[in-house]
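J.: Following this message is one structure expressed as structure tokens.
Protein chains: 2
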Amino acid sequence: MHSIRQAEARNTALHAAKTARIAIESVTPQVEAGRFAAKCLANEALEVRAVIFTDGHDQIAASLLWRRDGESSWCRVPMRAQGNDHWQAWLAPDAPGRVEFVIEAWQDLYASYHYELKKKYAAGVPVHLEVQEGEQLLREIGSGAPASLAERFVELLTRFADCQSLDQRVAVLLDPLTSELMGRAEHRPHLVRSVVFPLDVDRQLAQFASWYELFPRSESGDPQRHGTFSDVQRRLPDIVAMGFDVLYFPPIHPIGRTHRKGPNNSLKAGPDDPGSPYAIGSAEGGHEAVHPELGSLEGFRELVDAARNHGLEVALDFAIQCSPDHPWLQQHPGWFSWRPDGTIRHAENPPKKYEDIVNVDFYAEAAVPELWLALLEVVQGWVEQGVTLFRVDNPHTKPMPFWEWLIAEVRRSNPEVIFLAEAFTRPAMMARLGKLGFAQSYTYFTWRNTKQELAEYLSELNQSPWRECYRPNFFVNTPDINPYFLHHSGRAGFLIRAALATMGSGLWGMYSGFELCESAPVPGKEEYLDSEKYQLRPRDYHAPGNIIGEITRLNQIRRDNRALHSHLGFHTYPVWNDNILYFGKHTAERDNFILVAISLDPHQAQEAHFELPLWEFGLADDAALEGEDLMNGHRWTWHGKTQWMRIEPWHLPFGIWRVRPVR
Amino acid sequence: MHSIRQAEARNTALHAAKTARIAIESVTPQVEAGRFAAKCLANEALEVRAVIFTDGHDQIAASLLWRRDGESSWCRVPMRAQGNDHWQAWLAPDAPGRVEFVIEAWQDLYASYHYELKKKYAAGVPVHLEVQEGEQLLREIGSGAPASLAERFVELLTRFADCQSLDQRVAVLLDPLTSELMGRAEHRPHLVRSVVFPLDVDRQLAQFASWYELFPRSESGDPQRHGTFSDVQRRLPDIVAMGFDVLYFPPIHPIGRTHRKGPNNSLKAGPDDPGSPYAIGSAEGGHEAVHPELGSLEGFRELVDAARNHGLEVALDFAIQCSPDHPWLQQHPGWFSWRPDGTIRHAENPPKKYEDIVNVDFYAEAAVPELWLALLEVVQGWVEQGVTLFRVDNPHTKPMPFWEWLIAEVRRSNPEVIFLAEAFTRPAMMARLGKLGFAQSYTYFTWRNTKQELAEYLSELNQSPWRECYRPNFFVNTPDINPYFLHHSGRAGFLIRAALATMGSGLWGMYSGFELCESAPVPGKEEYLDSEKYQLRPRDYHAPGNIIGEITRLNQIRRDNRALHSHLGFHTYPVWNDNILYFGKHTAERDNFILVAISLDPHQAQEAHFELPLWEFGLADDAALEGEDLMNGHRWTWHGKTQWMRIEPWHLPFGIWRVRPVR
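Those protein sequence lines, which keep their order, are chains A and B.
Counting in our numbering, the first sequence runs from 493 upward without gaps.
Counting in our numbering, the second sequence runs from 493 upward without gaps.
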């Protein structure tokens, strides 16, 4: 027994002696140790950090290796020690798509040797033996070096042999050129390599974009006439003028007739009621088709091209449910769930039943993989029509492996495509959808109203695990959400929410009507009265009291200031008033530094002392900053840390200031 | 090309449809996703948590499966949903050793069905179809159930068939016994399993212990006579009376003569100077031997047994360096590093050279695995002599894989053995040593003096990743550290540091002389004058001014109060004085709730208002708590949240109160 244990110990020791002597820990950015991709942007420097250390006092070196998905060779970037075992390197992928990186670390024998020799020589300690050891080391490192360096090694050893004195030899050994050659010799004892960490590289629009949502069918300007793609085309200049980048449509597909909903979600539709566009599919076609009253597929394509010419990209809704009239029910009954009496299973929220839609069954025998491929084909078909963004309806009610697969497949050929997750559910699923590949996500923003709620939420989104996987798109309203706060806030309330969204995140969205301060609710509910989901709602976009001017200015400020191109870098600063949210955002270099103060009170004036964050510029409390009001262009100089503000909501319920050190 | 992509997409979809539909995230406790073991205690309930969720509204179920290392079958514990996708289960291993667990989750079809049927039935919705579907489900689940349940399934289906009405059938379907049977049927669609998470189960002494350190050679009471193990045996009753559990000795092995150090680390030793016990090895033997002047191996064994009879366990130093006289240099020259001139490489800190010790080379050709096995044999040899704890000298200068291997090997046969890491280095390595298997660790405690430093450090150790892998042993002094704070603090300073250590962590340690308030330093240095490392230091342990009474009381309070058996559960509470550290510790059930206020000022009285944490008991601000001064037994009732304290260091620089709600 005893000798068996000894033999076992010998084996485990031999194994242990081959395991990593150097530790690589706390690699950022990463999501679940490389299981999912962290997000980053093309052409934007990405800082990769790790904690790397080994036993004792030997020096180590480390590299970041990265490559595009599918490439076989790695690009190597040296990592730099930042103190306290932290190491850092930068990479900057030049195009969207999947990238992966690993970290390598090894013992840097020559660096250790160089450090010791230098210290001893400077202290006047005899170094004869050290010089002998140095020569051995040069030979050892040279013997394994790439052939391309052979000549330089011969040259170095000759130079060393030609030395006339110990001091000359020391000079050769301490020569920076010698160290440089040793560094290139690929001598890497105790080499360790981290797991592979994937990155999803997106274009900038994934992180910085202003979305405008409208129902094309309401754009005729005439309550008697169904709007068309041509009507939308006429509105493009106005939308672009407001500063939006993305034009988003709810589903544009044929609408079912069976159990069609009438105005205000009533169970009976009249003969002329258009129905909910979310009841997708009719005899005229399914997810691949266009609702005939909107126009033709060619008309849609023209609209997409016209939008693109205006600098606008088009986002489509991707809602997987079907109306009972969807062609798939006949063509692919095996993709749905059927009941013992032969009827189809409707969407339910017991005891409620939604009779105008049915859900597909992703794991039905006939659905794997045919349904999955059909859905992929739907998305790819719209991509071919020029659609570059998809707002996905209720992704949390569809399987997670489906999304991971679908998004990867689409982005394999079209890495420019951006998916926005419309999930309003529990936090774990919200984060997970980001990990699965959704570039953007709806958020809890609409239900965060107090200073504490807003500050906490924005801070949370700035921290791990959210910061690596989740880009929040702050929608101020949606066809489903008419926020309680706006029901009685008046115009100032709309300005408050617009400022919070535009300044809080790089991504924000607005559903048409918001600019007109529409807020009439179904009594007591967070829903719009006479919701556009069930009827046409033409609008006078120039009605008095609109906030188009302010929205235009906010979007312009966003464009002009890099600090506002993301939700990251959010910091609150002291202000002595619980009705004022006061925060800053700045670029890493602090060459763009924005301060934002938003009163959360749409009715009364609010005043407060607040602190100018002089310390962020390394300045003393009595120093000065130049300020510029970005809403009106006024400029001044602030002296000293403590300042005072007054916000009058009937004038403008917020202030946005760019600050700079005084030159 | 297009068809190739389609075929690829089909394959990836088939693959994706087989990957986990259910997510298991954020499992605790765990260290680096299962790469290392998290720490826990035998016979103490351990809470395992995870975030588990899936798409849609289907219900899921989850189990915790665990087993001892080497066992083939799992023990299954159901997990309970705690809301917001958080799940929880408890496990309680009954003995030290390695344990592993995994989490399983699956779709609970019957639970989903039960929920829907109940809702619809209660709402009066027709449920004929649902009842048919229910019967189908019973049959489907029954068909895959273990044979042992066959009879019960037959019985159930018969009962169902015998029903005379729909209502009766519904009653059978909603019967809790039906649900119970379905739960036992092992029907687990979409089953997913987490990675394996290892746990290191220790006995309680790993987390709760008071260490007393002494040099046996100083225990003769006579400066002219070298102390022996018998002398130590005579001191055992006093050490036990003070409340210590562990008696720790610096190395007890033969001491080298070559380059032996003299008093105060001088380079020349006189003929009678005993030398540093850390220069291990001489002609009389190496790490396996006992220094002859201390006694024999039998004498040591007797001391260990005597200590055990007093309730004290013995800890030995494990210091791997060798004196130049160590037998291994002759026997195993290949375990060391040699220079071009044939001399041995000494330990160095360039340009300084430590000529009394040499280090082994763990990766030398001849050392793998022979040196590793020899070191394992050393440790196992002392375990055979009854040593159950090892304080490891400078583990951070030895390879990490070596420690992971050595500790695992020792604990495989002797899971009761506890290793304490004496690493004073950067934080990443300190944490890593805990991950590798060290049950306890030295800390930065000795250098944390201000209220902010102490509160931050204790809070950090209470949080991940520290809380899972690192048990801090707060030494108030060591032979190497004579803290600056104590040089001029007088007796009150010693009481302050003793209170901080004993109340702050479940583990604390004291090196002899502390109880006598010894603090004479090498001028300007954090070292003891006439350090015991280089000479004999007999002491009068009953010298006036000693703090033996207070230390005894503190150790007794620790024993009596479970809240003090760990560093976990530390919370600071408001006190309006920056010289007073005020915190609480309590058991999960709050049946043991301790408040501690320690003045950090050894010279002046300190006064302050402070808050009684009534909210921790769910009490209003004007409620009352019963208080008990655990140092003197006084009892009283505190009324209201805001209270006042005054601490007089010349009397006692701290207060320790047990509080309870008024009955």
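We treat Cβ as the ideally placed atom computed from N, Cα and C, and that holds for glycine.
Note that the coordinates shown come from a computational prediction; the quantities given were computed from them, not determined experimentally.
For the segment 882-902 of chain A, which residues have a CB atom closer than 8 Å to at least one CB atom of chain B, in sequence order?
T.: Under the 8 Å Cβ criterion, the segment 882-902 of chain A contributes His-888, Thr-889, Lys-890, Pro-891, Met-892, Pro-893, Phe-894, Glu-896, Trp-897, Ala-900, Glu-901.
J.: Which chain B residues sit within Cβ distance under 9 Å of Ala-920 of chain A?
T.: Reading the first sequence from its first residue, position 428 is the one you call residue 920 of chain A. Going along chain B in sequence order, the residues near Ala-920 of chain A (Cβ under 9 Å) are Ala-515, Glu-517, Ser-518, Val-543, Ile-544, Phe-545, Asn-576, Asp-577, His-578.
J.: So with CB distances below 8 Å, who are the chain B contacts of Trp-864 of chain A?
T.: Residue numbering aside, residue 864 of chain A sits at position 372 when the first sequence is read from its first letter. Near Trp-864 of chain A (Cβ distances below 8 Å), the residues of chain B are Ala-505, Ala-508, Ala-509.
J.: Got a sec: is the Cβ-Cβ distance from Val-870 of chain A to anything in chain B below 8 Å?
T.: Numbered from its first residue, the first sequence carries residue 870 of chain A at position 378. It does not: the Cβ of Val-870 of chain A has no partner Cβ on chain B nearer than 8 Å.
J.: Using a beta-carbon distance cut-off of less than 7 Å, what residues from the segment 599-627 of chain A approach chain B?
T.: Under the 7 Å Cβ criterion, the segment 599-627 of chain A contributes Glu-608, Lys-611, Lys-612, Ala-615, Val-617, Leu-621, Gln-624, Glu-625.
J.: Does any C-beta atom of chain B lie closer than 8 Å to the C-beta of Ala-587 of chain A?
T.: Translated into the one-based positions of the first sequence, residue 587 of chain A becomes position 95. No, Ala-587 of chain A does not count as interfacial toward chain B.
J.: From the beta carbon of Gly-548 of chain B, is the nearest beta carbon of chain A less than 8 Å away?
T.: If you number the second sequence from 1, residue 548 of chain B lands on position 56. For Gly-548 of chain B, the answer is yes, since a Cβ of chain A falls inside 8 Å of its Cβ.
J.: Tell me whether Glu-960 of chain B is buried or exposed, calling it buried when 16 or more other Cβ atoms sit within 10 Å of its Cβ.
T.: One-based indexing of the second sequence puts residue 960 of chain B at position 468. By the neighbour-count rule (16 or more Cβ atoms within 10 Å), Glu-960 of chain B is buried.
J.: Rounded to whole angstroms, what's the CA-CA distance from Met-734 of chain A to Asp-714 of chain A? Just pull it up for me.
T.: Position 242 of the first sequence holds residue 734 of chain A. Position 222 of the first sequence holds residue 714 of chain A. Using only the alpha carbons, I get a separation of about 23 Å.
J.: Starting from the C-beta of Arg-644 of chain A, find all residues in its chain whose C-beta is less than 7 Å away, skip the five residues before and the five after it, and write them out in chain order.
T.: On the first sequence, residue 644 of chain A is found 152 positions in, with the first residue counted as 1. Here the set comprises Leu-673.
J.: Where does Ser-702 of chain B land, buried or exposed, given buried means 16+ other C-beta within 10 angstroms?
T.: Indexing the second sequence from 1 puts residue 702 of chain B at position 210. Ser-702 of chain B is buried by the Cβ-count criterion.
J.: Within the same chain, show all residues whose beta-carbon is closer than 8 Å to that of Leu-1117 of chain A, passing over the 5 residues directly before and after it, in chain order.
T.: If you number the first sequence from 1, residue 1117 of chain A lands on position 625. The residues are Leu-1104, Leu-1106, Phe-1109, Leu-1111, Thr-1129, Trp-1130, Val-1151, Arg-1152, Pro-1153, Val-1154.
J.: Reducing DSSP to helix, strand and coil, say where Phe-707 of chain A ends up.
T.: For the purposes of this step, residue 707 of chain A is taken as residue 215 along the first sequence, with counting starting at 1. Residue state, collapsed to three classes: coil.
J.: Going straight from the alpha carbon of Val-724 of chain B to that of Ala-505 of chain A, what length do you get?
T.: Start at 1 with the first residue of the second sequence, and residue 724 of chain B comes out as number 232. Start at 1 with the first residue of the first sequence, and residue 505 of chain A comes out as number 13. Using only the alpha carbons, I get a separation of about 37 Å.
J.: If contact means a Cβ-Cβ distance below 8 Å, which residues of the segment 920-937 of chain B contact chain A?
T.: Cβ contacts with chain A: Ala-920, Met-921, Arg-924.
J.: Output the boundary residues of the alpha helix (DSSP H) element that contains His-620 of chain A.
T.: For this step, residue 620 of chain A is matched to residue 128 along the first sequence. 620-635 is the span of the alpha helix (DSSP H), which, as asked, contains His-620 of chain A.
J.: Ordered along the chain, which non-local residues of its own chain (more than five positions away) have a Cβ less than 7 Å from that of Gly-762 of chain B?
T.: Position 270 of the second sequence, counted from the first residue, corresponds to residue 762 of chain B. Gly-754.
J.: Would you mind telling me which residues of chain B sit closer than 9 Å to Tyr-855 of chain A, beta carbon to beta carbon, in chain order?
T.: Counting from one through the first sequence, the residue named residue 855 of chain A turns up at place 363. Ordered by position in chain B, the residues that pass the 9 Å Cβ test against Tyr-855 of chain A are Ala-509, Arg-513, Pro-681, His-682.
J.: For Val-860 of chain A, which residues in chain B fall below 8 Å Cβ to Cβ?
T.: The residue labelled residue 860 of chain A in the question sits at position 368 within the first sequence. Those within 8 Å of Val-860 of chain A in chain B are Ala-505, Leu-506, Ala-509.
J.: With 8 Å as the threshold, decide whether the Cβ of Ala-501 of chain A is near any Cβ in chain B.
T.: Stepping through the first sequence from its first residue, residue 501 of chain A is reached at position 9. It does; some Cβ of chain B falls within 8 Å.
J.: Would you list the one or two residues that DSSP bridges to Tyr-846 of chain A?
T.: As a position in the first sequence, residue 846 of chain A is number 354, starting the count at 1. DSSP output for Tyr-846 of chain A lists A:Ala-839 as bridge partner(s).
J.: Going along chain A in order, which residues have a C-beta closer than 8 Å to the C-beta of Pro-832 of chain B?
T.: Against the second sequence, residue 832 of chain B aligns to sequence position 340. Here the neighbours are Leu-621, Gln-624, Glu-625, Gln-628.
J.: Closer than 8 Å is the cut-off here; do at least three beta carbon pairs connect the segment 835-846 of chain A with the segment 794-812 of chain A?
T.: Touching, no.
J.: Taking all protein chains shown into account, do 16 or more other C-beta atoms lie within 10 angstroms of the C-beta of Ser-564 of chain B, making it buried, or fewer, making it exposed?
T.: Counting from one through the second sequence, the residue named residue 564 of chain B turns up at place 72. With fewer than 16 Cβ atoms within 10 Å of its Cβ, Ser-564 of chain B is classed as exposed.
J.: With which residues is Gly-1076 of chain A paired in a DSSP beta bridge?
T.: By 1-based counting over the first sequence, the position of residue 1076 of chain A is 584. Answer is A:His-1063, A:Leu-1087.
J.: Starting from Pro-843 of chain A, find everything on chain B with Cβ-Cβ shorter than 7 Å and list it in chain order.
T.: Locating residue 843 of chain A in the first sequence gives position 351, where the first residue counts as 1. By Cβ distance, chain B contributes Lys-611, Lys-612, Ala-615, Val-617.
J.: I'd like to check one pair, Ala-1100 of chain B with Ile-1072 of chain B: are the Cβ atoms closer than 8 Å?
T.: In the second sequence, the residue the question calls residue 1072 of chain B occupies position 580. In the second sequence, the residue the question calls residue 1100 of chain B occupies position 608. For Ile-1072 of chain B and Ala-1100 of chain B, yes; Cβs fall inside 8 Å.
J.: Residues in its own chain within less than 7 Å of Met-493 of chain B by CB, not counting five upstream and five downstream?
T.: Translated into positions along the second sequence, residue 493 of chain B becomes position 1. Caution applies to Met-493 of chain B, whose pLDDT of 46 falls short of 50 and renders its modelled position unreliable; the value that the coordinates give is listed next. Same-chain partners within the cutoff: there are none.
J.: Go ahead and pull the three-state DSSP assignment for Leu-1028 of chain A.
T.: For the purposes of this step, residue 1028 of chain A is taken as the residue at position 536 of the first sequence. Coil at Leu-1028 of chain A, not helix or strand.
J.: Quick one: which residues of the segment 519-535 of chain A get their C-beta closer than 8 Å to a C-beta of chain D? List them in chain order.
T.: In summary, chain D is missing from the structure at hand, where the protein chains are A and B.
J.: If you draw a straight line from the C-alpha of Ala-614 of chain A to the C-alpha of Leu-629 of chain A, how long is it?
T.: Position 122 of the first sequence, counting from 1, holds the residue named residue 614 of chain A. Position 137 of the first sequence, counting from 1, holds the residue named residue 629 of chain A. Cα to Cα, Ala-614 of chain A sits roughly 21 Å from Leu-629 of chain A.
J.: Which of the three DSSP states, helix, strand or coil, is assigned to Trp-874 of chain A?
T.: Counting from 1 along the first sequence, the entry for residue 874 of chain A is found at position 382. In the structure shown, Trp-874 of chain A sits in a helix (DSSP, three-state: H, G or I).
J.: Just list the residues that DSSP pairs Ala-509 of chain A with in beta bridges.
T.: Here residue 509 of chain A is taken as the residue at index 17 of the first sequence, counted from 1. DSSP lists no partner for Ala-509 of chain A.
J.: In whole angstroms, what separates the C-alpha of Val-850 of chain B from that of Pro-816 of chain B?
T.: To locate residue 850 of chain B, count along the second sequence from 1; it is residue 358. To locate residue 816 of chain B, count along the second sequence from 1; it is residue 324. One C-alpha to the other measures close to 7 Å.
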